[in-house]
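A.B. asks: Residue numbers (our numbering): 49 to 122.
Where a beta carbon is used, it is the ideal one built from N, C-alpha and C, also for glycine.
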């Protein structure tokens with residue numbers, strides 16, 4: 049979306065101006081965007097790390113339960 053934000057804002061501007069004909073509302077028709085791939089990679093790595101770390105505690109707790117004990121009472 050960041051690469052096509054200019055086209056998106058122009059489309060939204062046309063739609064809103066056609067719906068509200070008595071008042072003109074304008075969006076920013078030109079936004080400069082620059083994608084920093086290093087930041088994108090850092091965010092992806094951080095999200096995957098947090099997701100992995102969030103699975104460790106439940107897995108540790110589940111490993112302490114004996115399967116035979118759980119199935120005995122069902």
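(1) Where do the ends of the alpha helix (DSSP H) carrying residue 87 lie?
(2) Tell me which same chain residues have a C-beta within less than 6 Å of the C-beta of residue 108, skipping the five on either side of it?
(3) If residue 53 sits next to residue 81, beta carbons under 8 Å apart, how far is it from one beta carbon to the other, in whole angstroms?
C.D. replies: Reading off the structure:
(1) 85-111
(2) Closer than 6 Å at Cβ, skipping near neighbours: no residue.
(3) Between residue 81 and residue 53 the Cβ distance is about 6 Å, and since that is below 8 Å, they are a contact.
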